[in-house]
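Student: I am attaching a structure below and will ask some questions about it afterwards.
4 protein chains.
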Amino acid sequence: MSTDSRSLQDRELRVGMVGYAFMGAAHSTAWRTVNVAFDLPARARMALICGRDESKVAGAAAKLGWDAHTTDWRELVERDDIDIVDVCTPGDSHAEIAIAALAAGKHVLCEKPLANSVDEARAMVAAAAKAQAEGIRSMCGFNYRRVPAVAMMRQLIASGRIGVIRHVRAVYLQDWIVDPQFPLVWRLQKDKAGSGALGDIGAHIIDLTQYVTGQKITGVSALTETFVKERPLPSESSGLAASSGNGADAPATGQVTVDDAALFLARLDGGAIATYEASRFAIGRKNGLRVEINGSLGTLVFDLERLNELEFYDSAAPTSEQGFNRILITEADHPYMAAWWPPGHIIGYEHSFTHEMRDFVEAIANGTDPAPSFVDALQVQLVLDAVARSADQGTVWTEVEPALAEVAA
Amino acid sequence: MSTDSRSLQDRELRVGMVGYAFMGAAHSTAWRTVNVAFDLPARARMALICGRDESKVAGAAAKLGWDAHTTDWRELVERDDIDIVDVCTPGDSHAEIAIAALAAGKHVLCEKPLANSVDEARAMVAAAAKAQAEGIRSMCGFNYRRVPAVAMMRQLIASGRIGVIRHVRAVYLQDWIVDPQFPLVWRLQKDKAGSGALGDIGAHIIDLTQYVTGQKITGVSALTETFVKERPLPSESSGLAASSGNGADAPATGQVTVDDAALFLARLDGGAIATYEASRFAIGRKNGLRVEINGSLGTLVFDLERLNELEFYDSAAPTSEQGFNRILITEADHPYMAAWWPPGHIIGYEHSFTHEMRDFVEAIANGTDPAPSFVDALQVQLVLDAVARSADQGTVWTEVEPALAEVAA
Amino acid sequence: MSTDSRSLQDRELRVGMVGYAFMGAAHSTAWRTVNVAFDLPARARMALICGRDESKVAGAAAKLGWDAHTTDWRELVERDDIDIVDVCTPGDSHAEIAIAALAAGKHVLCEKPLANSVDEARAMVAAAAKAQAEGIRSMCGFNYRRVPAVAMMRQLIASGRIGVIRHVRAVYLQDWIVDPQFPLVWRLQKDKAGSGALGDIGAHIIDLTQYVTGQKITGVSALTETFVKERPLPSESSGLAASSGNGADAPATGQVTVDDAALFLARLDGGAIATYEASRFAIGRKNGLRVEINGSLGTLVFDLERLNELEFYDSAAPTSEQGFNRILITEADHPYMAAWWPPGHIIGYEHSFTHEMRDFVEAIANGTDPAPSFVDALQVQLVLDAVARSADQGTVWTEVEPALAEVAA
Amino acid sequence: MSTDSRSLQDRELRVGMVGYAFMGAAHSTAWRTVNVAFDLPARARMALICGRDESKVAGAAAKLGWDAHTTDWRELVERDDIDIVDVCTPGDSHAEIAIAALAAGKHVLCEKPLANSVDEARAMVAAAAKAQAEGIRSMCGFNYRRVPAVAMMRQLIASGRIGVIRHVRAVYLQDWIVDPQFPLVWRLQKDKAGSGALGDIGAHIIDLTQYVTGQKITGVSALTETFVKERPLPSESSGLAASSGNGADAPATGQVTVDDAALFLARLDGGAIATYEASRFAIGRKNGLRVEINGSLGTLVFDLERLNELEFYDSAAPTSEQGFNRILITEADHPYMAAWWPPGHIIGYEHSFTHEMRDFVEAIANGTDPAPSFVDALQVQLVLDAVARSADQGTVWTEVEPALAEVAA
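Protein chains in written order, with full-length UniProt numbering: chain H, 1 to 409; chain A, 1 to 409; chain X, 1 to 409; chain L, 1 to 409.
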């Protein structure tokens with residue numbers, strides 16, 4: 001009897017989550033809320049949380065509301081009473097955990113970016129494909145697809161409302177490492193994080209723009225920069241917050257091995273041309289993901305710091321009345337919003353994860369494949385890889401390798 | 001042994017909530033989240049929910065996560081194992097339930113407006129005062145005080161940053177009954193709701209502006225209007241959503257007995273002059289609470305539809321650099337925000353309730369009186385009363401009765 | 001032979017302007033530009049400027065581009081070769097100059113407010129009516145009617161696009177006298193200015209809202225305040241800029257005899273209810289005229305500090321696409337804009353005067369009556385008068401006297 | 001006797017302008033206004049306008065206020081009574097006219113881009129250098145430097161307020177040729193215009209960002225696109241407006257030989273990295289020049305459609321009060337603004353030209369070299385050239401040739 005059919009019998013899907021830092025907290029909020037906010041065909045249960053530090057993970061379990069905890073992700077992956085494995089660790093362990101979980105017949109939700117390298121991502125795609133044949137589902141956690149305004153963009157574009165897409169203009173700007181004394185946390189180390197702004201936040205705008213436009217990036221020309229090349233070693237760090245060691249002596253320092261910022265031009269397979277920029281040095285921009293899409297008939301603009309709003313310029317209106325229409329995406333007929341409050345009562349960042357869990361649970365219960373699939377996530381990885389290669393080779397134009405052929409191989 | 005000391009022993013406060021519609025859902029979300037988001041001296045437990053319809057309240061209990069349910073609020077109020085009674089019913093039953101709960105030694109959180117009349121509010125204040133002598137806490141649920149940007153406004157004003165307050169400009173605009181076919185729900189009936197836009201949303205801007213300025217309204221000149229005087233009777237209604245009956249015949253209609261909009265001028269006891277407007281006919285404004293405070297040294301602007309932002313004009317800056325500074329209220333040193341996400345990751349409407357529950361739980365655990373007290377809420381009621389009397393008497397200037405003298409009496 | 005027919009013969013209208021301060025400079029810019037920007041049936045010629053101080057008015061004539069100057073307004077009014085008298089003096093001399101000019105057969109453009117009192121305004125209306133019988137035109141200079149976005153509001157409302165008007169919400173906020181050391185310029189003296197914020201900027205929002213809605217204010221309830229009651233006497237002042245005397249001794253001070261702020265509620269004859277506020281103490285608001293009109297079908301919002309934009313919420317759009325549409329009013333099919341630059345190239349404050357002169361010249365040349373007429377301006381004066389009386393009498397509801405009956409009398 | 005000393009004697013500078021379309025109209029407005037708005041050491045006189053079509057240029061002279069007209073630019077350049085030659089023609093004639101004017105001892109103001117090719121620009125620089133030795137001034141008309149908010153950006157950056165510059169982010173977006181039926185006007189023909197969006201609007205953001213940052217672009221990686229490759233031939237065209245021929249037959253069409261959009265990444269010589277985008281296909285963006293500069297200490301944002309505003313994020317403020325400060329650039333202590341209206345009374349697009357003329361006249365009268373010089377403009381041309389070469393060669397990284405070495409050579 002497959003895990004899936006069991007969970008459908010008793011209408012409960014038991015989740016085991018690996019990791020309890022920033023993403024772990026966000027996912028926990030979502031797992032706790034999803035059954036309440038939505039009428040789901042199966043109920044998610046926060047069964048087991050895993051982390052390396054016993055006392056910390058015990059505290060996280062109590063605080064975040066998990067039934068039990070463990071320090072051994074292999075135990076979590078193999079336990080019979082776990083249906084879903086939710087991977088919230090840094091990128092360097094995604095592949096190992098996800099592949100083991102899939103092999104153990106668990107549905108897998110893996111945080112983005114899918115992996116730290118294309119090779120790892122390919123291995124994960126292969127594992128997912130094999131598991132899929134037995135009804136096991138896998139999904140990568142690009143949560144911004146589930147922001148209602150973003151889902152609405154996709155609907156408007158898919159229905160032809162802005163016509164043929166000409167321009168994509170996407171930035172994801174933050175400023176949390178502008179201070180040169182900010183310590184060398186794992187996100188600034190290539191072996192842990194794979195890359196810097198590029199994979200952390202650049203991956204989001206790659207996925208988001210491809211998702212809403214329905215077009216794939218085919219080639220890029222890229223430039224990356226590390227403005228602060230050496231930083232104090234952290235005394236301890238977790239999530240996005242950290243402090244540098246404060247002994248009597250000057251703190252030991254280490255090399256920053258990832259990019260602070262990544263910029264690239266791109267062509268998309270539907271004929272659009274694009275600019276992308278990811279930076280952690282754009283002072284004042286806290287979570288500044290901003291996307292503008294210009295089509296032959298209209299324009300859409302989204303800003304994550306005002307995620308309840310969508311701007312739509314519609315050239316179908318009379319000339320004298322055309323303008324940027326600020327739509328407050330809080331109506332019951334907007335994507336996901338019937339679950340929440342009356343119009344004008346806004347939602348926050350964390351709701352995107354709740355929507356993600358809803359879609360994942362529904363796909364599992366309904367026996368369909370959720371999106372973004374591991375193949376979709378591999379394709380993002382291939383774009384990241386092309387960007388990194390272009391930047392390494394003096395901004396040379398670099399084609400993005402096709403993801404699907406890899407799967408076929 | 002008082003309820004309070006018992007709850008402090010076992011560190012659990014058992015909540016019984018009456019009502020399960022819009023406010024019931026919002027409060028449930030907050031009770032479910034407050035223990036996770038904050039490190040509280042006592043843990044809130046969602047023990048019991050009460051509603052009149054057995055099957056509906058059973059469904060609500062399951063859906064919203066309450067341990068048990070009942071259809072008898074008197075049972076809830078009197079049960080030994082309930083520490084907090086949370087009153088989320090329409091205004092016409094606030095007084096009866098709250099007074100009974102206080103008499104039974106329960107801490108009471110009562111939704112705003114406190115009551116449908118000044119007399120009821122006075123009785124509640126008297127009951128709260130009597131209970132307070134035995135360590136029982138009471139609070140009225142003006143949740144917008146707990147929006148971080150609003151709390152920040154109060155801090156800036158209290159620390160003198162905008163100087164002597166000259167002007168208060170407050171509107172709360174909605175549009176959900178613009179359609180004349182929208183049915184005659186309880187919020188449009190004076191016997192249930194007490195008043196219309198005035199008590200429902202006008203009460204919020206009265207409390208909010210008095211809270212942030214630290215000034216009380218002393219007199220008003222008011223004008224109210226009911227634009228649509230007759231509406232179809234509802235087939236069934238709950239919360240803010242409703243549909244009119246759709247039999248083969250024209251639906252029966254009824255008289256709208258509350259205001260659609262209320263406007264008033266006011267003077268505050270610190271010398272400020274003010275305009276207030278509450279309306280359900282401001283098309284396009286969904287939850288449009290907007291407040292601007294002009295002081296002798298600066299200005300603050302808040303808009304609930306963008307509740308993560310606060311605008312601050314500071315005349316202490318050099319002339320050529322003065323401007324409206326849009327502060328994104330998502331930093332860890334902003335009120336309540338250390339509990340949530342990294343900077344720039346916004347929160348939503350529901351978080352104001354989570355903050356409210358935190359403050360209430362902390363006050364109970366710490367043995368302090370939470371605000372807004374029932375006296376504070378009575379004072380808002382007295383303003384509402386003055387507004388209604390002014391409007392009834394041809395917009396004549398009407399002094400607001402003092403709330404404290406009433407308590408003393 | 002009437003002045004009018006003469007001017008049509010030689011296609012030139014010779015303007016004599018009285019006053020050369022702020023409004024004088026603005027009108028000069030407009031007279032200098034109007035022939036270039038528009039194809040007019042007659043050419044305006046800047047013939048003569050008048051001021052009391054010989055050397056200053058000579059300098060103004062040279063600087064602003066007037067052919068000649070005089071210190072005697074009576075000479076200007078009576079000269080045969082003047083077709084238009086443009087009255088830009090403080091309000092206390094409007095009536096005398098305008099009536100004399102009309103009697104002398106000159107077309108008269110008079111700055112707002114029309115006069116400092118209703119009696120003066122009535123006399124001016126009578127003079128205008130008499131002159132009109134002989135083809136002499138008169139107009140009051142409410143220049144904001146000529147802001148393209150404002151003209152567009154009127155068109156949209158007149159064509160029914162926002163339905164039945166429910167709410168008018170108008171503020172005109174400035175902050176130039178917040179500093180208590182700002183001197184006692186003429187605008188702060190009742191005998192010169194008639195009133196303070198009320199007549200200076202309140203008059204604008206009264207006229208503007210009545211113009212765009214097509215409704216008249218029928219009654220008001222008002223409250224005024226003078227926050228700073230005594231100020232240093234000015235050493236010298238002109239326009240809006242001034243400095244207080246700076247002798248070795250403390251400057252002599254004088255009483256502020258006008259309102260710093262005026263607030264009022266109103267009813268309009270089409271059923272709308274309204275709030276109005278004019279203040280010179282709203283720190284940070286430099287020229288903050290903001291108007292919002294809510295109708296049964298839509299909302300319009302205008303902000304003078306962003307005068308090239310108009311926000312339009314149109315409930316005719318599908319629910320999920322309704323929003324506040326920011327229309328950039330720079331298209332050739334927007335009012336007045338064909339005269340200017342390509343789309344997106346914005347215009348400024350002064351253009352409103354150029355448009356005003358265009359409309360006035362066209363009316364004269366075409367033999368039609370321009371608007372706002374002196375009757376329209378008297379009606380604004382009657383609203384100002386009702387506001388002042390209401391404020392004087394404890395905010396009592398005060399009906400606005402009808403203007404037309406006065407004319408008939 | 002040099003022209004310059006003559007003009008200083010009689011305090012009049014006689015201007016001859018070549019071209020009377022869009023830029024001709026804008027420059028005429030500025031020449032007409034500059035003497036009035038500013039107290040200049042010499043008075044500009046609109047002496048002579050030149051255009052190829054006799055009747056049209058005669059009409060333009062009358063309409064725009066020029067003393068005389070001619071159809072022969074050589075006559076204009078050589079006339080003794082002309083001090084300044086203002087070149088407003090399409091780019092293909094800039095070099096010939098400007099060089100002839102400089103040779104004839106005239107001060108030259110040349111519209112941007114300086115030329116259609118680097119070779120022409122070099123020849124112009126050489127001519128300007130030679131003329132400079134005799135006190136003849138030359139300037140290129142990048143008018144957006146004279147927008148007060150832009151000048152203010154430069155001041156803030158120069159005084160270190162935003163620290164070390166990390167990022168430049170510049171777009172100039174328009175949409176006037178989105179319609180494939182828009183005809184093939186001169187701006188879409190390479191032989192007339194040199195390039196498309198790149199030289200027309202891309203040149204503006206190159207100059208503006210280099211000006212405000214004080215850094216030069218050293219290398220680029222670029223991508224250009226022509227979305228609509230064939231268009232109807234125009235029946236007649238002028239400025240930005242045009243109509244396609246409307247004979248009974250389908251209109252003849254022609255090849256679009258310029259770019260519709262140009263995107264590029266860049267490095268600046270102070271260490272900043274940058275993205276640039278110029279497009280005429282960004283629907284809804286009418287004159288959408290938007291620039292954001294992130295430094296180590298702050299951020300500045302400018303948007304030409306709201307040119308009276310500047311956003312400044314200043315990390316020197318306390319953390320909890322940091323935000324994007326919207327400064328209304330209308331105070332007397334803002335650049336150029338003392339000439340205009342009281343605070344909050346905004347200016348428009350055309351004022352940038354008036355400021356340009358002021359700076360040019362002052363430089364001539366004071367005997368100093370105005371900026372941007374022809375060398376500055378050549379450097380912009382070299383960036384444009386590098387962009388075009390990069391795009392032609394598959395987005396290869398392309399170094400910008402140094403301009404100064406060219407001058408030295």
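Glycine residues also receive a C-beta, built at the ideal position from the N, C-alpha and C atoms. The structure presented is a predicted model; accordingly, all values stated were derived computationally and were not measured.
Could you tell me which uninterrupted beta strand (DSSP E) segments, each at least 3 residues in length, are contained entirely in the UniProt domain "GFO/IDH/MocA-like oxidoreductase" (151-300) of chain X, listed from first to last along the chain?
Tutor: 165-173, 217-225, 230-232, 234-238, 241-244, 253-255, 261-268, 273-279 and 288-295
Student: Please report the Cβ distance between residue 36 (chain A) and residue 348 (chain H), rounded to the nearest whole angstrom; I am assuming they are in contact, meaning their Cβ atoms lie under 8 Å.
Tutor: Not a contact, Cβ separation roughly 15 Å.
Student: Can you pull the chain L residues whose beta carbon is under 8 Å from the beta carbon of residue 226 (chain X), in chain order?
Tutor: Within 8 Å Cβ-Cβ: nothing; residue 226 (chain X) doesn't reach chain L, min ~21 Å.
Student: Would you decide whether residue 390 (chain X) is buried or exposed? Buried here means 16 or more other CB atoms lie within 10 Å of its CB.
Tutor: Burial call: buried.
Student: Quick one: give me the first and last residue of the alpha helix (DSSP H) that residue 337 (chain H) is part of.
Tutor: Residue 337 (chain H) -> no alpha helix (DSSP H), and no H or E assigned at all.
Student: Residue 311 (chain L) and residue 324 (chain L) look like a contact to me (Cβ under 8 Å); what is the Cβ gap, rounded to whole Å?
Tutor: 5 Å
Student: Consult DSSP for residue 69 (chain L) and reduce its assignment to one of helix, strand or coil.
Tutor: In the structure shown, the three-state DSSP call for residue 69 (chain L) is strand.
Student: Based on the DSSP output, what are the partners of residue 12 (chain H) in its beta bridges?
Tutor: Under DSSP, residue 12 (chain H) forms a beta bridge with H:43.
Student: Does residue 18 (chain A) come within less than 8 Å of chain H when only Cβ atoms are used?
Tutor: no
Student: Using the C-alpha atoms, what's the distance from residue 110 (chain X) back to residue 58 (chain X)?
Tutor: In this structure, the CA atom of residue 58 (chain X) is about 22 Å from the CA atom of residue 110 (chain X).
Student: What is the DSSP secondary structure of residue 118 (chain X), counted as helix, strand or coil?
Tutor: helix
Student: Kindly indicate the opening and closing residues of the alpha helix (DSSP H) around residue 387 (chain X).
Tutor: Per DSSP, residue 387 (chain X) belongs to the alpha helix (DSSP H) from 374-392.
Student: Taking the alpha carbon of residue 366 (chain L) as the reference point, which residue from L:31, L:137 and L:94 has its own alpha carbon closest?
Tutor: L:137
Student: Any beta carbon from chain X within less than 8 Å of residue 325 (chain H)'s own beta carbon?
Tutor: yes
Student: With three or more beta-carbon pairs closer than 8 Å as the criterion, would you say the region 82-102 of chain X touches the region 117-129 of chain X?
Tutor: By the Cβ rule, the region 82-102 of chain X counts as touching the region 117-129 of chain X, because three or more pairs are nearer than 8 Å.
Student: Listed in chain order, which residues of the region 105-125 of chain H have Cβ atoms closer than 7 Å to some Cβ of chain A?
Tutor: none
Student: Determine which residues share a DSSP beta bridge with residue 345 (chain X) and list them.
Tutor: Bridge partners of residue 345 (chain X) according to DSSP: none are assigned.
Student: By the 8 Å beta-carbon criterion, what residues does the region 382-403 of chain L contribute toward chain H?
Tutor: Cβ proximity to chain H below 8 Å picks out 394, 395, 396 and 397 from the region 382-403 of chain L.
Student: Closest Cβ-Cβ distance between residue 362 (chain H) and chain L: below 8 Å?
Tutor: no
Student: Of the residues that make up the region 48-73 of chain X, which ones have a beta carbon closer than 7 Å to any beta carbon in chain L?
Tutor: Of all residues in the region 48-73 of chain X, only 63, 64 and 65 come within less than 7 Å of chain L when Cβ atoms are compared, listed by chain position.
Student: For residue 80 (chain A), name the three-state secondary structure that DSSP assigns.
Tutor: coil
Student: Note down the Cα distance separating residue 201 (chain X) from residue 172 (chain X), rounded to an integer number of angstroms.
Tutor: 6 Å
Student: May I ask which residues mark the beginning and end of the beta strand (DSSP E) holding residue 312 (chain A)?
Tutor: Its beta strand (DSSP E) spans residues 309-314.
Student: In chain order, what residues of the same chain have a beta carbon less than 6 Å from the beta carbon of residue 147 (chain A), not counting five sequence neighbours either side?
Tutor: Hits under 6 Å: 307 and 352.
Student: Relative to chain X, which residues along the region 278-305 of chain L have a C-beta separation below 8 Å, given in chain order?
Tutor: 285, 286, 287, 288, 304 and 305
Student: Is there contact here, the region 291-308 of chain A with the region 253-260 of chain H, by at least three beta-carbon pairs under 8 Å?
Tutor: no
Student: Go ahead and pull the three-state DSSP assignment for residue 359 (chain X).
Tutor: helix
Student: Taking C-beta pairs closer than 7 Å, name the residues in chain A that residue 319 (chain L) reaches, listed in chain order.
Tutor: Those are 331 and 333, listed as they occur along chain A.
Student: Excluding the 5 residues preceding and the 5 following residue 72 (chain H) in the sequence, name in chain order all residues of the same chain whose CB lies nearer than 8 Å to its CB.
Tutor: So the qualifying residues of the chain are 50.
Student: Hey, is the region 369-376 of chain L in contact with the region 124-135 of chain L, meaning 3+ C-beta pairs nearer than 8 Å?
Tutor: Yes, they touch.
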